[in-house]
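Presented below is the structure to which this report refers.
Chains as they are written, first to last, in the numbering used here: chain R, 1 to 213; chain Y, 214 to 426.
See below:
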């Protein structure tokens, strides 16, 4: 493969939407995560995020980045008001509707109604889940960090409950997210199905990893 | 699909390595990123991370989480010493060697030598790239945030240069990472190839997204 080199100057000179697509592509495959929230008046909100990341397993913590000057503001406001949110995986049947949640609907329009995804609730979490999602989990707000470097907000949530398809739990504790039909996203607009190459054993210095499947 | 529910108590009671696999699976597909660094004595280090996330496009910023009490300590120390690092995508030909970098090699062993991946350098970045990676970018250290909630460190890097295969740049600025053979990772041990379902047009409130491909 012949390589193209981009300098910092090349990146700065890109048209702004092209640059967003370019830089967002760099981080490779991610899971499209629908974040569900509700305000104190009962109006729900659903927004697609691709910056949800693992922060720790004990306690079980998740981070994501919110841009306060964008439509993501509604999600942020609701989490700070109610201190709850849900994260819902996107699958092959829901990705077009999930993508559509990124349109700039006004505050008084719920993306659930606008896109036809269905609200679902549990007793514990004061925020709507997406009924059509196969893997979903509920979180309480834990911490907020203002990242001055580009005026974004890091939200940290603590996982309170998890719902996964019964037949997708692997023997070593992992989840078979491919079997659960979770899809991968690339850049801002690419949606991909996956095919397992292999599962590798825990790495040790004195042997090479073995294929577990 | 029948759903299994896990409460916070269920999660706390899991065996610790199973819990790590379980919670790491929740965030869906991610890209396996090899982070290359070097210390001031010239000893290189290469480590696989799955918590690299997009922080912003202008300036082009990337974040990742480092656990100071783990083998990731070497990466963190090197970045703070030299203020440079590289991020290299993992592809079908390199994922077994990439996985192997997570073995707990002592500080005086370079994971490049141990796994057979090849160091590559540019004039700009004082850290090694992975020659076998098709998409790679170099960063300068920008900020460090200590996340007291679980004693992890958020490292923010500024992208200084980017190398991608010439034929993988899309017309709207995005990168065809599937064509570049980047793979997706699930949990701590699952490696997956991908297949594009579709690329969707920018979402607007008055129309449904169109397939761009």
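Even glycine gets a Cβ: it sits at the ideal position worked out from N, Cα and C.
Next on the checklist: Please tell me whether residue 68(R) has its Cβ less than 8 Å away from any Cβ of chain Y.
Outcome noted: no
Item to check | residue 224(Y) beta carbon less than 8 Å from that of residue 61(R) | outcome: no
Checklist entry - What residues in the stretch 11–34 of chain R bring their beta carbon closer than 9 Å to a beta carbon of chain Y? => result 11, 12, 14, 15, 16, 17, 18, 19, 20, 21, 22, 23, 24, 25, 26, 27, 28, 29, 30, 31, 32, 33
Checklist entry - Do you know whose CA, among 335(Y), 291(Y), 343(Y), 297(Y), lies nearest residue 306(Y)'s CA? => result 343(Y)
Next on the checklist: What does the alpha-carbon distance come out to for the pair residue 416(Y) and residue 318(Y)?
Outcome noted: 47 Å
Next on the checklist: What ranges does the beta strand (DSSP E) occupy inside the stretch 277–309 of chain Y, keeping only unbroken runs of at least 3 residues that lie completely in it?
Outcome noted: 297–302
Next on the checklist: Once DSSP output is grouped into helix, strand and coil, what is the label at residue 61(R)?
Outcome noted: Three-state result, residue 61(R): strand.
Next on the checklist: Tell me the residue span of the alpha helix (DSSP H) that contains residue 11(R).
Outcome noted: 8–12
Next on the checklist: Taking the alpha helix (DSSP H) that residue 23(R) belongs to, which residues open and close that run?
Outcome noted: In the DSSP annotation of this structure, the continuous segment of the alpha helix (DSSP H) that includes residue 23(R) starts and ends at 16–25.
Item to check | Residues from the stretch 112–133 of chain R in contact with chain Y, defined by Cβ distance under 7 Å | outcome: none
Item to check | residue 103(R) in three-state terms, based on DSSP | outcome: coil
Checklist entry - Contact between the stretch 318–328 of chain Y and the stretch 390–407 of chain Y: three or more CB pairs below 8 Å? => result no
Checklist entry - For residue 347(Y), which residues does DSSP report across the bridge? => result BP columns for residue 347(Y) are empty, so no partner.
Checklist entry - From 9(R), 2(R), 1(R), pick the residue whose C-alpha is nearest to that of residue 372(Y); which is it? => result Measuring from the Cα of residue 372(Y), the nearest candidate turns out to be 9(R).
Next on the checklist: 8 Å is my cut-off, CB to CB: does residue 72(R) come that close to chain A?
Outcome noted: The structure shown has no chain A; the protein chains it does contain are R and Y.
Checklist entry - Of all the options 119(R), 80(R), 78(R), which has the alpha carbon lying nearest to the alpha carbon of residue 234(R)? => result In the structure displayed, chain R extends from 1 to 213; residue 234(R) sits before or after that span and is not available.
Checklist entry - Using a C-beta cutoff of 8 Å, does residue 45(R) count as contacting chain Y? => result Interface flag for residue 45(R) against chain Y is unset, since no Cβ pair is found closer than 8 Å.
Checklist entry - Is residue 379(Y) helix, strand or coil by DSSP? => result Reduced to three states, the DSSP call for residue 379(Y) is helix.
Checklist entry - chain Y beta carbons: is any one of them nearer than 8 Å to that of residue 39(R)? => result no
Item to check | Proximity test, Cβ basis, 8 Å: residue 289(Y) and chain R | outcome: no
Checklist entry - Taking contact to mean at least 3 C-beta pairs separated by less than 8 Å, is the stretch 32–43 of chain R in contact with the stretch 350–362 of chain Y? => result no
Checklist entry - By how many angstroms is the C-alpha of residue 414(Y) removed from the C-alpha of residue 336(Y)? => result 38 Å
Checklist entry - Residues in its own chain within less than 8 Å of residue 253(Y) by CB, not counting five upstream and five downstream? => result 294, 295
Next on the checklist: With the cut-off set at 8 Å, would you say residue 55(R) and residue 63(R) are in Cβ contact?
Outcome noted: yes
Item to check | Same chain, Cβ closer than 7 Å to residue 75(R), neighbours up to 5 away in sequence not counted | outcome: 35, 37, 45, 47, 66
Item to check | Given residue 220(Y) as reference, the closest of 190(R), 168(R), 174(R), 161(R) once Cα atoms are compared | outcome: Of 190(R), 168(R), 174(R), 161(R), the residue nearest in Cα terms is 161(R).
Checklist entry - Using a Cβ cut-off of 8 Å, which residues of the stretch 261–275 of chain Y contact any Cβ in chain R, in chain order? => result 263, 264, 265, 266, 267, 268, 269, 270, 271, 272, 273, 274, 275
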